[in-house]
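UniProt numbering numbers the first residue of the first sequence as 1 and each following residue consecutively.
From the three backbone atoms N, C-alpha and C, an ideal C-beta is built for every residue, glycine too.
Computed from a predicted structure; not experimentally measured.
I have placed the structure first, in the form of structure tokens, so that the comments after it can refer back to it.
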Amino acid sequence: MTMQLSLNPLVRELHVCSKGFNLLTFTNKILYMKIATYNVNGVNGRLPVLLRWLQESMPDIVCLQELKAPQEKFPLQDIENAGYKAIWHGQKSWNGVAILSRGEAPQEIRRVLPGDPEDLHSRYIEAKVNGLTIGCLYLPNGNPAPGPKFDYKLRWFERLTKHAAELYRSGERVILTGDYNVMPTELDVYKPERWVDDALFRPETRAAFHKLLEQGWTDAIRKLYPGEVIYTFWDYFRNAYGRNAGLRIDHFLLSADVDKDLVIAGVDKFVRGWEKTSDHAPVWIELKDA
DNA sequence: ATGGCAGATGTTATCTGA
């Protein structure tokens, strides 16, 4: 017996009906998987917002950035109570990344981006989950630019690009997602002329992102919404969210055999309107027939 | 062009973010 899932409202209905199960399955076959990324800007301060969003959005896999919590202060009990297994790499005050899964526990592959033993920032964690290799990343901001922080950003980008090439060649189904701190094109930034000298938009930064894409990766949001203004970040100043003065800096990069299963994607922009919210909104994709 | 806001640390402010 088979069931064809062609319409997303049907998928959503089945997903709600399957509450309590780790993955939506039918005759033991995975029909649908939702994967999200969310820069929470402080996982403990953001906990009520994070838990509310998890309950409403019900992603199967979640990548978090900017935990801003040491390893021992990760709110594991609350995350588990919400139905998720988790691995994370914390750091006092800043950075910090995590991978959550409603299905099998994420099997950690690495928690450091290769290439610089002296880089102690918690900005990368990678795991195998549900047959996917998930790289969760928080690329350095790089401001002020030029300067040592910008140099660090570009070096980190080079390490990511080198590692991404190996992942792409591995033949695994790979997703590299997180806060890239890059607006890839002028379409991805409100008033681009004001950002040309910023570390998130400088020519070197955009060139690094495009060089990464040239390995074959698909920018999932841009593929599904070509030409549309879509933002994932609005700063806390000057009513940026109310004016939709945002940036698109949180991205999903998919290897070719993940891209072929891409059904839909979106930004949970409404979360940015909640009280005590992050300056980023969650971004998600949905894959069919893994 | 500037400074505005927010989180963490742990002070009566500093650092960082984007």
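Residue i: which of the options sits nearest, CA to CA?
i           : options                           : result
Leu287      : Lys276, Leu247, Cys136 and Asp257 : Asp257
Met183      : Arg173, Ile175, Arg194 and Val174 : Arg194
Gln65       : Pro117, Asp259 and Asp250         : Asp250
Arg202      : Thr185, Trp217, Asn244 and Ala105 : Thr185
Phe270      : Ser278, Val263 and Ile264         : Ser278
Lys128      : Pro70, Ala105 and Gly115          : Ala105
Ile264      : Ile221, Asn239, Arg238 and Leu51  : Ile221
Leu212      : Glu166, Thr161, Leu139 and Gly103 : Thr161
Gln71       : Ala86, Gly171, Ala82 and Trp274   : Ala86
Lys73       : Ala165, Trp94, Ala164 and Ile175  : Trp94
Asn181      : His163, Lys149, Ser170 and Ala82  : Lys149
Glu275      : Leu47, Leu31 and Tyr38            : Leu47
Leu167      : Arg238, Pro192 and Ser255         : Ser255
Ala69       : Gly83, Gly96, Leu51 and Gln77     : Gly96
Leu50       : Lys34, Ile79, Leu31 and Tyr32     : Ile79
Asn130      : Val196, Glu228 and Gln107         : Gln107
Pro140      : Gly147, Trp156 and Glu126         : Trp156
Arg111      : Arg272, Arg102 and Ser122         : Ser122
residue 323 : Gly171, Cys63, Arg102 and Ser170  : Only positions 1 to 290 of the chain appear in the structure, and residue 323 is not among them; the question remains open.
Gln55       : Pro192, Ala82, Tyr32 and Tyr38    : Ala82
Gly103      : Tyr84, Arg169, Val196 and His210  : Tyr84
Asp151      : Glu204, Phe252 and Glu214         : Glu204
Leu31       : Asn239, Ser170 and Asp261         : Asp261
Asp219      : Gly266, Pro192 and Asn239         : Gly266
Gly273      : Asp289, Asn244 and Leu253         : Asn244
What whole-angstrom Cβ distance do residue i and residue j have, given they're in contact under 8 Å?
i      : j      : result
Gly178 : Leu137 : 4 Å
Ile61  : Leu100 : 7 Å
His280 : Asn44  : About 16 Å; that fails the 8 Å criterion.
Gly142 : Lys153 : 3 Å
Asp188 : Ala145 : Asp188 to Ala145, Cβ: 18 Å. No contact.
Trp53  : Pro282 : 6 Å
Ala36  : Trp234 : Not a contact, Cβ separation roughly 18 Å.
Tyr231 : Arg248 : 5 Å
Arg159 : Pro114 : 7 Å
Ser57  : Asp259 : So it is not a contact: roughly 22 Å between Cβ atoms.
Tyr190 : Gly246 : 6 Å
Ile175 : Leu132 : 6 Å
Pro75  : Lys34  : Between Lys34 and Pro75 the Cβ distance is about 22 Å, and since that is not below 8 Å, they are no contact.
What does residue i pair with, by DSSP beta-bridge criteria?
i      : result
Met33  : Leu287
Glu126 : Arg110 and Gly135
Trp274 : Trp274 pairs with nothing; no bridge assigned.
His280 : Phe233
Asp219 : Leu253
Thr177 : Cys136 and Phe252
Leu224 : None; Leu224 has no bridge partner.
Leu167 : In DSSP, Leu167 forms no bridge with anything.
Gly266 : Trp284
Leu247 : Val189 and Phe233
Gln65  : Asn39 and Val97
- prompt: Which parts of the region 76 to 112 are runs of the beta strand (DSSP E), unbroken and 3 residues or longer, counting only runs that do not cross its ends?
  reply: 85 to 89, 97 to 101 and 107 to 110
Runs of alpha helix (DSSP H) lying entirely within the region 38 to 62, each at least 4 residues, in chain order: 47 to 57
- request: Ignoring anything shorter than 4 residues or poking outside the region 183 to 215, list the alpha helix (DSSP H) runs there in chain order.
  value: 203 to 213
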